[in-house]
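Colleague: According to the working numbering, the sequence shown is numbered sequentially starting from 1145. Cβ coordinates follow ideal geometry from the N, Cα and C atoms, glycine included.
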Amino acid sequence: MKQETFTAKDLINAGLFSLLVFVATFIGGMFGLIPVLMPAIPFLCSFIAGPVFMLYSTKIHRFGMILIMGAITGLLFTVTGHGIYILPGIILLSLISEWILKQGHYHSVNHTRWALVVYSIYTVFNFIPIFIGREAYIQKLIDTGYGKKYAEEMMSVLPNWSLIPIVLLGCVGAYLGASLGIKLLNKHFKRAGMM
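(1) Just to confirm my understanding: we take ILE1171, look at its own chain, exclude 5 residues before and 5 after, and list those with CB closer than 7 Å. What are they?
(2) Is TYR1297 helix, strand or coil by DSSP?
(3) Taking C-alpha atoms, which residue in SER1201, GLY1218 and ASN1270 lies nearest to LEU1260?
(4) So PHE1175 and LEU1164 are supposed to be a Cβ contact under 8 Å. How far apart are they, rounded?
(5) Is LEU1302 helix, strand or coil by DSSP?
(6) Any contact between the segment 1195 to 1210 and the segment 1270 to 1290? By contact I mean 3 or more CB pairs, one from each, below 8 Å.
(7) Rounded C-beta distance between SER1238 and GLY1314? I'm assuming under 8 Å.
(8) Put LYS1292 into one of helix, strand or coil per three-state DSSP.
(9) Who are the near neighbours of ILE1235 in its chain, counting only those whose CB is closer than 8 Å to its CB and skipping five residues on each side?
(10) Using three-state DSSP, classify PHE1150 as helix, strand or coil.
(11) Rank LYS1203, ILE1185 and VAL1180 by C-alpha distance to the C-alpha of LEU1160 and give the top, closest one.
(12) According to the neighbour-count rule (16 or more other Cβ atoms, all chains shown, within 10 Å of its Cβ), is ILE1326 buried or exposed?
(13) Provide the residue span of the alpha helix (DSSP H) that contains VAL1268, from first to last.
As structure tokens, this is what we get:
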């Protein structure tokens, strides 16, 4: 009989992998210190976190595991100053990703890959303040010590029309990161009955 409740092991895995995905995403985000690389941040974050997410997927057997990870990751990003949009956004994307995994009965590598593509869109929620309040965002960058030159370079590569291409680039990064994860973790997927 399939257990429907979370075990202590499930919660430990959710916490551990939330932290690992946060760290992988944070590493990708560090490239943003180079302002001209800012449009590539969602790609880099999703690509680096992809193998970690795919390993986590071998431990998911019921609804709620991505939602827990999303809530923890969203809270971590919120308390580290990444804005108000990331937590509600990641919760919504986590629910959609949960639905995608459920469609594959938690044993489909392909469904898992697409769940990651959807989930990884959360990396773009940090960009929303740039597109809805550009001048305020520039002033915040200057006030927090990044300087006018950094702000100008960053804004030069983030024109108003660039949000959709950035989202799509992030999705490509997630797809490639998931594919890399599948290749690296082949034996784990076989053991979990996903291949």
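Modeller: Taking the structure as given:
(1) By the criterion of a C-beta distance shorter than 7 Å, ILE1171 is surrounded in its chain by ILE1192, once the five residues flanking it on both sides are discounted.
(2) Correcting the residue identity first, residue 1297 is Glu in this sequence and not Tyr. In this structure, GLU1297 counts as helix in the three-state DSSP scheme.
(3) The closest CA to that of LEU1260, considering only SER1201, GLY1218 and ASN1270, is found on SER1201.
(4) Incorrect: roughly 19 Å between the Cβ atoms, too far for contact.
(5) LEU1302: coil per DSSP, three-state reduction.
(6) In short, these stretches do not touch, since the Cβ pair count stays below three.
(7) About 16 Å separates the two Cβ atoms, so there is no contact after all.
(8) Helix.
(9) Here the set comprises LEU1211, GLY1214, ALA1215 and GLY1218.
(10) Coil, per DSSP.
(11) Of the residues LYS1203, ILE1185 and VAL1180, the one whose Cα lies closest to the Cα of LEU1160 is LYS1203.
(12) That one is buried.
(13) Unbroken run through VAL1268: none, as it is neither H nor E.
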